[in-house]
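Line by line, the protein sequences are chains Z and R.
Taking this note's numbering, the leading residue of the first sequence gets 25, the next gets one more, and so forth.
Taking this note's numbering, the leading residue of the second sequence gets 25, the next gets one more, and so forth.
Ideal Cβ placement from N, Cα and C applies to all residues, glycine included.
Working notes, beginning with the structure itself.
Protein chains: 2
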Amino acid sequence: MNVEAPIERRRGGRAARQAMRAAPIPDAKRPVRGGLESGRYQPLTQTEIEKVHHAALDVLETIGLCDAIPSCIEVVTAAGGHVDPNGRLMFPRALVEDTIAKAARGFTLHAQDPRHDMEPWGTKTYFGTAGAAVHMVDAVTGEYRDSTLRDLYDLARLVDAMDHVHFFQRMIVPRDMVEPDAMDINTCYAAIMGTKKHVGTSWVLPEHLESCFEMLHAIAGSEEAWRERPFVSMSSCFVVPPLKFAEDACKVLEVGVRGGMPILLLAAGQAGATSPAALAGALVQEVAEVLAGLVYVNAIKPGAPAIFGTWPFVSDLRTGAMSGGSGEQALLMSGCAQMAHYYDLTGGVCAGMADSKIPDAQAGYEKGYNHALVGNSPANLVYESAGMHASLLGACMESVIIDNESIGATLRTIRGIEVTEDSLSVEAIRAACLHGPGHFLGHPQTLELMESEYVYPVVGDRDSPKEWVERGSTSIVQKARAEKERLLSSHFPDHVATEIDDRIRERLDIQLPREHMRPGN
Amino acid sequence: MNVEAPIERRRGGRAARQAMRAAPIPDAKRPVRGGLESGRYQPLTQTEIEKVHHAALDVLETIGLCDAIPSCIEVVTAAGGHVDPNGRLMFPRALVEDTIAKAARGFTLHAQDPRHDMEPWGTKTYFGTAGAAVHMVDAVTGEYRDSTLRDLYDLARLVDAMDHVHFFQRMIVPRDMVEPDAMDINTCYAAIMGTKKHVGTSWVLPEHLESCFEMLHAIAGSEEAWRERPFVSMSSCFVVPPLKFAEDACKVLEVGVRGGMPILLLAAGQAGATSPAALAGALVQEVAEVLAGLVYVNAIKPGAPAIFGTWPFVSDLRTGAMSGGSGEQALLMSGCAQMAHYYDLTGGVCAGMADSKIPDAQAGYEKGYNHALVGNSPANLVYESAGMHASLLGACMESVIIDNESIGATLRTIRGIEVTEDSLSVEAIRAACLHGPGHFLGHPQTLELMESEYVYPVVGDRDSPKEWVERGSTSIVQKARAEKERLLSSHFPDHVATEIDDRIRERLDIQLPREHMRPGN
Numbered sequence: 025m026n027v028e029a030p031i032e033r034r035r036g037g038r039a040a041r042q043a044m045r046a047a048p049i050p051d052a053k054r055p056v057r058g059g060l061e062s063g064r065y066q067p068l069t070q071t072e073i074e075k076v077h078h079a080a081l082d083v084l085e086t087i088g089l090c091d092a093i094p095s096c097i098e099v100v101t102a103a104g105g106h107v108d109p110n111g112r113l114m115f116p117r118a119l120v121e122d123t124i125a126k127a128a129r130g131f132t133l134h135a136q137d138p139r140h141d142m143e144p145w146g147t148k149t150y151f152g153t154a155g156a157a158v159h160m161v162d163a164v165t166g167e168y169r170d171s172t173l174r175d176l177y178d179l180a181r182l183v184d185a186m187d188h189v190h191f192f193q194r195m196i197v198p199r200d201m202v203e204p205d206a207m208d209i210n211t212c213y214a215a216i217m218g219t220k221k222h223v224g225t226s227w228v229l230p231e232h233l234e235s236c237f238e239m240l241h242a243i244a245g246s247e248e249a250w251r252e253r254p255f256v257s258m259s260s261c262f263v264v265p266p267l268k269f270a271e272d273a274c275k276v277l278e279v280g281v282r283g284g285m286p287i288l289l290l291a292a293g294q295a296g297a298t299s300p301a302a303l304a305g306a307l308v309q310e311v312a313e314v315l316a317g318l319v320y321v322n323a324i325k326p327g328a329p330a331i332f333g334t335w336p337f338v339s340d341l342r343t344g345a346m347s348g349g350s351g352e353q354a355l356l357m358s359g360c361a362q363m364a365h366y367y368d369l370t371g372g373v374c375a376g377m378a379d380s381k382i383p384d385a386q387a388g389y390e391k392g393y394n395h396a397l398v399g400n401s402p403a404n405l406v407y408e409s410a411g412m413h414a415s416l417l418g419a420c421m422e423s424v425i426i427d428n429e430s431i432g433a434t435l436r437t438i439r440g441i442e443v444t445e446d447s448l449s450v451e452a453i454r455a456a457c458l459h460g461p462g463h464f465l466g467h468p469q470t471l472e473l474m475e476s477e478y479v480y481p482v483v484g485d486r487d488s489p490k491e492w493v494e495r496g497s498t499s500i501v502q503k504a505r506a507e508k509e510r511l512l513s514s515h516f517p518d519h520v521a522t523e524i525d526d527r528i529r530e531r532l533d534i535q536l537p538r539e540h541m542r543p544g545n
Numbered sequence: 025m026n027v028e029a030p031i032e033r034r035r036g037g038r039a040a041r042q043a044m045r046a047a048p049i050p051d052a053k054r055p056v057r058g059g060l061e062s063g064r065y066q067p068l069t070q071t072e073i074e075k076v077h078h079a080a081l082d083v084l085e086t087i088g089l090c091d092a093i094p095s096c097i098e099v100v101t102a103a104g105g106h107v108d109p110n111g112r113l114m115f116p117r118a119l120v121e122d123t124i125a126k127a128a129r130g131f132t133l134h135a136q137d138p139r140h141d142m143e144p145w146g147t148k149t150y151f152g153t154a155g156a157a158v159h160m161v162d163a164v165t166g167e168y169r170d171s172t173l174r175d176l177y178d179l180a181r182l183v184d185a186m187d188h189v190h191f192f193q194r195m196i197v198p199r200d201m202v203e204p205d206a207m208d209i210n211t212c213y214a215a216i217m218g219t220k221k222h223v224g225t226s227w228v229l230p231e232h233l234e235s236c237f238e239m240l241h242a243i244a245g246s247e248e249a250w251r252e253r254p255f256v257s258m259s260s261c262f263v264v265p266p267l268k269f270a271e272d273a274c275k276v277l278e279v280g281v282r283g284g285m286p287i288l289l290l291a292a293g294q295a296g297a298t299s300p301a302a303l304a305g306a307l308v309q310e311v312a313e314v315l316a317g318l319v320y321v322n323a324i325k326p327g328a329p330a331i332f333g334t335w336p337f338v339s340d341l342r343t344g345a346m347s348g349g350s351g352e353q354a355l356l357m358s359g360c361a362q363m364a365h366y367y368d369l370t371g372g373v374c375a376g377m378a379d380s381k382i383p384d385a386q387a388g389y390e391k392g393y394n395h396a397l398v399g400n401s402p403a404n405l406v407y408e409s410a411g412m413h414a415s416l417l418g419a420c421m422e423s424v425i426i427d428n429e430s431i432g433a434t435l436r437t438i439r440g441i442e443v444t445e446d447s448l449s450v451e452a453i454r455a456a457c458l459h460g461p462g463h464f465l466g467h468p469q470t471l472e473l474m475e476s477e478y479v480y481p482v483v484g485d486r487d488s489p490k491e492w493v494e495r496g497s498t499s500i501v502q503k504a505r506a507e508k509e510r511l512l513s514s515h516f517p518d519h520v521a522t523e524i525d526d527r528i529r530e531r532l533d534i535q536l537p538r539e540h541m542r543p544g545n
């Protein structure tokens, strides 16, 4: 009757298995890593992809975008665009198609530590953060407070320590940085000092980016070294949906492109509010907007690296509020990943936003199904995948650690089921049934595969109810809090030499105190 | 900078949208329902499916199963099987292939209320419960206590009220029923009185099932009426992996098949413990075992309805304990769904088990990614999808309500993105940008689609942080508790006439007091 209940304890091979588990897993044998080939989930058919593509070209050719800045109009018209009588910048089909054909593809996203370099093309998938939350969430009390620069640095450090989070785009706005230039410069500084992984961030005005280039060149060693391995990309909200250019963002974008910085071309309409309520229509508008950005970038500098950043968000149409945790969200982002893949461009989408304000079961399932589906679509870069709540209004440190588990499990599903003569295991079954102990616990195949075939959680709990009660009946939030405290008190990437940091601090108004950047702070 | 943050409030059309939302949604316009066509997630290629198939046939032909009971040997050898010198029952390839060709397909799983009938074939997908948990979990305190008959009845009532849970298989063992016959009979009674949806349960001994047939015939009106619309299926653990028949379960199965009851042929090995650690090998063994069951059922009664119930579970190989919430679990179940689909048989797999002991964020993400991937595989019946914790050792009422949300979102992803001339929305985009208000909130398309394109949560929270704090900073567990109390005090299916219930209570030892079965209990 009770065969469905688990086997809690078994004899045979347990001591050997536990001994193996005590040793760290060598990199090559790890069950999952960034850059696994994905794409086994495909919500759109090839015909549907082509229909979305043609509709997007129609939108660009016949509706175009308004509010282009003069420098944008200049380069895009030189490339083959034109301005219509209403002042809208129009993108003829041939221009867009030529751009797609010639755009940069197969470019590495570098990290300060080359071990974390990413190759986000084809169907290779990486997970990272993003966001511009204005609050930090206390995982235990649910309190929302203003986010600070130190939070940003600490979030970067946590991400640096997460096995399954492969890049760090800034998650919060440091609200203690009152002046926009201080905000931009310190955001960039705190992010790149907090992690050796690839960083993404954004700038309000082009001057702020110019200042940051000094910092980036100093850390790289020279401008040439930076241009060879740019380890920071720009999250550019160059468009305000529907189909309107954002003036300041475009100015910043131009400086970034010329400075050799990869650009995440981000169109973030909300279906039913700033883009159509029909999911297919939301896709069409996002694709059109990002294609316009792609033309713009390539008109500034042919072949400049750009990420196809279609981020169609969902509205709860009862209130107009955003719903980043919905199932519709998973569909939209997966469909966008297919569009970027169709163009053979590096695609950046989102998954793992939660509507829930706190890391409760709701946040869990919202993140779980979004991670799983978007991760298994042909997405290259999955943003917003860790730490976000309240549809991006809040960030939570414990959630970074919790979400790392959901992403790790998702990566395992992306890896899939290897089917080989060995893995089919007919001889292992024969041995166990005909000549063996009637189980597989001590079988050589089991011992060999226990590290490489299975992902084990860090804070996820697999104890039996009895053991769990004996160990204090902890929720995952409590375990994540302990892990956060351990990491924040011990994990300091500390990868930039003091003399370089001195130089940066001499020239720029860095407001993150040095004493926060070492143990005992 | 802050474009990634949500739009919290918008003018335009809000009053109209809220008025529409106040009206109930007619069934035909509901955004999701049971039986949506699925299959956009396919972890195995066609070649890999065929390799698993051939390996399973090898296992059946050359290893076979041990411990077959005489009546099983009799019917299977009469059909073409044979017993090898070691006493193992062997299934030649031709016998298995013939069985697959002739087995029942396209049979309805009936419900007491025909509105809940299921047509689980092709790629149509339904979600339901299952399990044999021995504990009930208090969602707030985390306390584990023995499960009771009344819990079972209450769980059935909750499932009856859930929009996205389409059938009820018994989730717990009523531990207050000490005698096996009382347990079996009262389990069946409590389940079928608690819900008008299709019910699954199981029996320890054939006599218990014979007694229950009296009850089922009485409720159906006659034996003929029962056989025409059998509304209860048998969850049969006819095999103890690896490849050993379970004597009592086989005896019960034979009575069920002859009594016209659909059989869920359940093989539930644990990878690395009772089946191979290699995921592909775990698939092979499960498929072989269930194919053996299929031969057995068809040898008893050709064309008898049987569900291809491959339930390969995952072990945490560090301890041997089951891990139902892992990513590996989602892969295995999705692969099994593909195997049943390959055979064009009704497939029953699991998704939504959690290792977490309580409905916390861990339970959420474990259920979320399992629902999403298994739901989008070509699974027909997804068992264990609501309410289960501690890898099936515990059941939780609040979790039924919480998991209903995750399943609802998953159903929306299964429905997919409709791509039509209208939904591509080029004209809606043109109108909004060139002639309209520059947004889509009041657009006729938005008003038309807000009910049919989007799923809205019942207990999932989409308030802004400010509203959420004003409303008491509740977690989803607190909201689910309130909803549970509301439903348990008000929702009594009450679909069996008192005189029929009287008749059942005269003949069988029913221990669920009548006063528990009406409001005010």
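Residue pairing by DSSP puts Ser260 of chain R in a beta bridge opposite R:Leu289. Contacts between His395 of chain Z and chain R, judged by CB atoms closer than 9 Å, involve Tyr389, Gly392, Tyr393 and Ala396 in chain order. In the three-state scheme derived from DSSP, where H, G and I count as helix and E and B as strand, Phe269 of chain R is classed as strand. Residues of chain Z whose Cβ lies closer than 8 Å to the Cβ of Gln309 of chain R are, in chain order, Ser449 and Ile453.
For the pair Arg486 of chain R and Arg342 of chain Z, the Cα-to-Cα distance works out to about 10 Å. Between the segment 365-375 of chain R and the segment 412-424 of chain Z there are fewer than three C-beta pairs closer than 8 Å, too few to call the two in contact. Following the DSSP letters along the chain, one finds Thr334 of chain R in no alpha helix (DSSP H) but inside the beta strand (DSSP E) bounded by residues Ala330 to Thr334. DSSP places Cys457 of chain R outside any beta strand (DSSP E), giving it a letter other than H or E. By the rule that beta-carbons nearer than 9 Å mark a contact, Asp487 of chain Z touches chain R.
Among the residues facing chain R, Thr470 of chain Z is included, as its CB has a counterpart in that chain under 9 Å away. If you draw a 10 Å sphere on the C-beta of Asn110 of chain Z, you find fewer than 16 other C-beta atoms in it, and that means exposed. A distance below 8 Å between beta-carbons, with the five flanking residues on each side excluded, links Ser299 of chain R to the following residues of its chain, in chain order: Pro265, Pro266, Gly293, Gly305, Ala306, Gln309, Glu310 and Pro336. The Cβ atoms of Leu240 of chain R and Pro254 of chain R sit closer than 9 Å to each other. If you look at Gly218 of chain Z, you'll find it in the alpha helix (DSSP H) that goes Pro204 to Gly218. Scanning the segment 376-443 of chain Z from its first residue to its last, the whole beta strand (DSSP E) runs of 3-plus residues come out as 405-407. Inter-residue distance for Val202 of chain R and Leu417 of chain R is about 19 Å (C-alpha atoms, whole angstroms). By the neighbour-count criterion, in which a residue is buried when 16 or more other Cβ atoms sit within 10 angstroms of its Cβ, Ala521 of chain R is exposed. A residue is called buried once 16 or more other Cβ atoms fall within 10 Å of its Cβ, and Asp108 of chain Z, having fewer, is exposed. Check the Cα spacing between His77 of chain R and each of R:Arg112, R:Val120 and R:Leu113: the tightest is with R:Val120. DSSP places Ser339 of chain R inside the beta strand (DSSP E), whose first and last residues are Phe337 to Asp340. In chain Z, no part has a C-beta under 8 Å from the C-beta of Ala52 of chain R; the shortest such distance is about 19 Å.
In chain R, no part has a C-beta under 9 Å from the C-beta of His188 of chain Z; the shortest such distance is about 11 Å. Any Cβ of chain R closer than 9 Å to the Cβ of Pro116 of chain Z would place that residue at the interface, and such an atom is absent. At least one C-beta of chain R is nearer than 9 Å to the C-beta of Leu473 of chain Z. Beta-bridge partners assigned by DSSP to Gly152 of chain Z: Z:Phe191. Here the alpha carbon of Leu511 of chain R sits roughly 28 Å from the alpha carbon of Pro144 of chain R.
Classified as buried, Pro286 of chain Z has 16 or more neighbouring CB atoms from the shown chains inside 10 Å of its CB.
Closer than 8 Å at the C-beta level to chain Z, one finds these residues of the segment 428-443 of chain R: Glu429, Ser430, Gly432, Ala433, Thr434, Leu435, Arg436, Thr437, Gly440, Ile441, Glu442 and Val443. Nearest to Thr498 of chain R by alpha-carbon distance, out of Z:Thr101, Z:Gly166 and Z:Tyr65, is Z:Gly166. Beyond the five residues adjoining it in sequence on each side, Leu369 of chain R comes within less than 7 Å, by CB distance, of Ala127, Arg129 and Phe332 in the same chain, given in chain order. Below 8 Å, too few C-beta pairs join the segment 92-109 of chain R and the segment 467-478 of chain Z to call them touching: fewer than three. The Cβ of Asp200 of chain Z sits no closer than 9 Å to any Cβ of chain R.
Per DSSP, reduced to three states, the secondary structure at Arg117 of chain Z is helical. At least 9 Å separates the beta-carbon of Asp200 of chain R from that of Leu229 of chain R.
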